[in-house]
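Q:
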Amino acid sequence: MNGGDEVPITDQWVKTFNEANKTFGSQGQRVLGFAFLWLDHQKYPNDYIFNPNLEDGPNFPLEGLTFIGLMALMDPPRKRVKEAVISCHEAGIKVIMVTGDQPLTAAAIARQVNIITEPKTVNELVEDGMDWDSAMEKSNALVVHGDMLSKAHTEDEELPFNQQRIATWLLKKEIVFARTSPAQKYMIVDANQKLGQIVAVTGDGVNDSPAIKKADIGIAMNIVGSDVAKDAADMLLIDDNFASIVDGVKEGRVIFDNLKKVICYIITSNIPEIVPFLTLVIFQLPLPLSTVLVLCIDLGTDVVPSISMAYEPAELDIMKRRPRNAKTDYLVTGQLIFYSYCIMGEIQTCAGFMAYFTVMYDYGFTPSILWWFALREDGTKPGAHDVYNPYLAHKGNSHVGDPNYDDKLVDYISDSDGKYDLRIWFWKIGKDEW
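Residue numbers for the sequence shown follow my numbering, so the first one is 17 and each next one is one higher.
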């Protein structure tokens, strides 16, 4: 249609349409084409129901239409998406754009949101005259048309997966899939999973539901998403904003970090709690830590600090780390166990024994006499009300000379002898030892 008159479409018109489409598409605009056809009113009355989804095809003609023209529609990306994609790249998260738009529009939008940062894609280098293999080596950005994907899938079906073209394409740092069907979206997710990737898929329509269901993490839009997509998804994006996904990734990493901190803090105390009992059994060192004190530590003093660690703010590099390996980087790893037991646990044990020997030395028991001290029988069990006094006879032990209380061992396991002062009990220790 030109100036209200129907004219034949010539090669010049086709060239003009393609140039206009390329101009609008390269600006990130969606290009819509319009055409019309006069229908027979007798065959297609006003109440006729047009249905394009019948098994035999549409119930109206799609041939012989008159082309009217093109219209460009600008659909700008949401706020914060550009910054969110940059954060994903810094965090080691690869963002793959899968869209129904034409390749020109898809590439332009991908550049606007930093999904594509290369000066030229492989496709543009090929258009400039470079051969495909050289372009694939030179550029890390690739735009794959749905027809190209279908052809590669059909031709490479018998090949091992690592030799298929889709596997090579997905290794590109920056990749965009355009003019894709629901089956192709599913294929893309499946191929990424075969490469060992953890795949999250966002979508809002019925066409996205197979890929959302297939993904490790399916995310549906809450506002504009269809019921089918929501049912297939693992979670809903309340504000329909891609940037919220990045915020969720950050929060998930913070929670994971804080859980590791809490676990490390809790199990670190196991070593300094068990070593005193081992020294009692092996070296007969008087027990520095009773079972009641162990319970006080585990159920009392450890609770508040461990809860506070759950509210630790994010580390400065939380979104600059590479993603963890889901197959090896568990919540509790060998590295965490080694750090908790063999490093922090040993430091705490040494600090505890340093305090123990210091206090015992202040009371007159030098470190040298404490070894095998629990087996000493040169003591006398004092009276319940006896108080240590170095100026009194036998240092205040009123039971000295009573054979019923001589040569008694101290019970270091239970609390039965906890009320007695060792200085009164072991009054026989010589001055050179004391």
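All C-beta atoms in this analysis are idealised placements derived from N, C-alpha and C, irrespective of residue type, glycine included.
Note that the structure is predicted; figures quoted are calculated from it, not measured.
Just how far apart, CA to CA, sit T307 and G380?
A: Each residue's Cα considered, the two are about 25 Å apart.
Q: What whole-angstrom Cβ distance do V262 and C104 have, given they're in contact under 8 Å?
A: Sure, about 6 Å apart at Cβ, within 8 Å.
Q: Taking C-beta to C-beta, are L301 and L386 nearer than 8 Å?
A: Yes, the pair counts as a contact, with Cβ atoms nearer than the cut-off.
Q: Between the Cα of P198 and those of G116, Q213, D256, G19, spot the shortest distance and give me the residue it belongs to.
A: Measuring from the Cα of P198, the nearest candidate turns out to be G116.
Q: So, with DSSP's three-state summary, where would you put I363?
A: Note: I363 maps to helix in three-state DSSP.
Q: Give the DSSP-derived three-state secondary structure of L352 in the structure shown.
A: DSSP places L352 in helix when its eight states are reduced to three.
Q: Have a look at N459 and T184 and give me their C-alpha separation to the nearest angstrom.
A: Limits of the chain in this structure are 17 at one end and 450 at the other, which puts residue 459 out of reach.
Q: May I have the straight-line CA-CA distance separating I235 from G219, to the nearest angstrom?
A: So the alpha carbons of these two residues sit roughly 7 Å apart.
Q: Checking the sheet assignment: what are the DSSP bridge partners for M376?
A: According to DSSP, M376 bridges with nothing at all.
Q: Kindly give me the distance between the Cβ atoms of L186 and N208, rounded to whole angstroms, as I take these residues to be in contact under 8 Å.
A: Their Cβ separation, rounded to whole angstroms, is 6 Å, which keeps L186 and N208 in contact under 8 Å.
Q: With H, G and I counted as helix, E and B as strand and the rest as coil, what does DSSP make of M90?
A: In the structure shown, M90 sits in coil (DSSP, three-state: anything other than H, G, I, E or B).
Q: Smallest Cα separation from N18: which of K266, K98, F83, S384?
A: Checking every option, the nearest Cα to that of N18 belongs to F83.
Q: Over what stretch of residues does the beta strand (DSSP E) that includes V160 continue unbroken?
A: Start and end: 157–161.
Q: How should L294 be labelled, buried or exposed, when 16 other C-beta atoms within 10 angstroms of its C-beta is the threshold for buried?
A: It is exposed - the Cβ of L294 has fewer than 16 other Cβ atoms within 10 Å.
Q: Which residues bound the alpha helix (DSSP H) around L309?
A: Element bounds for L309: 307–312.
Q: If I follow the unbroken beta strand (DSSP E) through M146, where does it start and stop?
A: Where M146 is concerned, there is no enclosing beta strand (DSSP E), given that its DSSP letter is neither H nor E.
Q: How would you call Y327, buried or exposed, if buried means at least 16 neighbouring beta carbons within 10 angstroms?
A: Looking at its Cβ environment, which holds fewer than 16 other Cβ atoms inside 10 Å, Y327 is exposed.
Q: For A207, does the three-state DSSP call read helix, strand or coil?
A: In the structure shown, A207 sits in a helix (DSSP, three-state: H, G or I).
Q: Thinking V4 and V159 are a contact (beta carbons under 8 Å), I'd like their distance in whole angstroms, please.
A: With the chain covering only 17 through 450, there is no way to say anything about residue 4.
Q: Go ahead and label Y346 buried or exposed: buried means 16 or more other beta carbons lie within 10 angstroms of its beta carbon, across all protein chains shown.
A: Under this definition Y346 is an exposed residue.
Q: Taking the continuous alpha helix (DSSP H) assigned at M325, which residues delimit it?
A: M325 -> alpha helix (DSSP H) spans 319–325.
Q: My assumption, with CB atoms under 8 Å, is that H57 sits in contact with P119. Please give the rounded CB distance.
A: That belief does not hold up - the Cβ atoms of H57 and P119 are roughly 40 Å apart, past 8 Å.
Q: Could you tell me whether the Cβ atoms of M8 and F50 are closer together than 8 Å?
A: Because residue 8 is not part of the residues shown, which for the chain are 17 to 450, the question remains open.
Q: So who's on the other strand from G219, going by DSSP bridges?
A: Partner(s): A236.
Q: Taking contact to mean 3 or more Cβ pairs, one atom from each stretch, closer than 8 Å, check whether the stretch 94–101 and the stretch 248–265 are in contact.
A: These segments touch.
Q: May I ask you to list the residues that DSSP assigns as paired with E190?
A: Partner(s): A157.
Q: Using only CA atoms, which one of H401, N257, I445 lies nearest to R96?
A: Selected option, being the one with the closest Cα: N257.
Q: When you compare the CB positions of T284 and Q364, do they come within less than 8 Å of one another, or not?
A: In this structure, Q364 lies closer than 8 Å to T284 by Cβ.
Q: Out of N413, I239, S242, E106, point me to the one whose CA is closest to K189's CA.
A: Taking only the C-alpha atoms, the option nearest K189 is E106.
Q: To the nearest angstrom, how far is the alpha carbon of G41 from that of I65?
A: Near 34 Å, if we compare the C-alpha coordinates of I65 and G41.
Q: Among the candidates I282, V310, T317, R269, whose CA atom is the shortest distance from the CA of R338?
A: For R338, the nearest C-alpha among the options comes from R269.
Q: Between the C-alpha atoms of A126 and V111, what's the straight-line distance to the nearest angstrom?
A: Looking at the two C-alpha atoms, the distance is approximately 10 Å.
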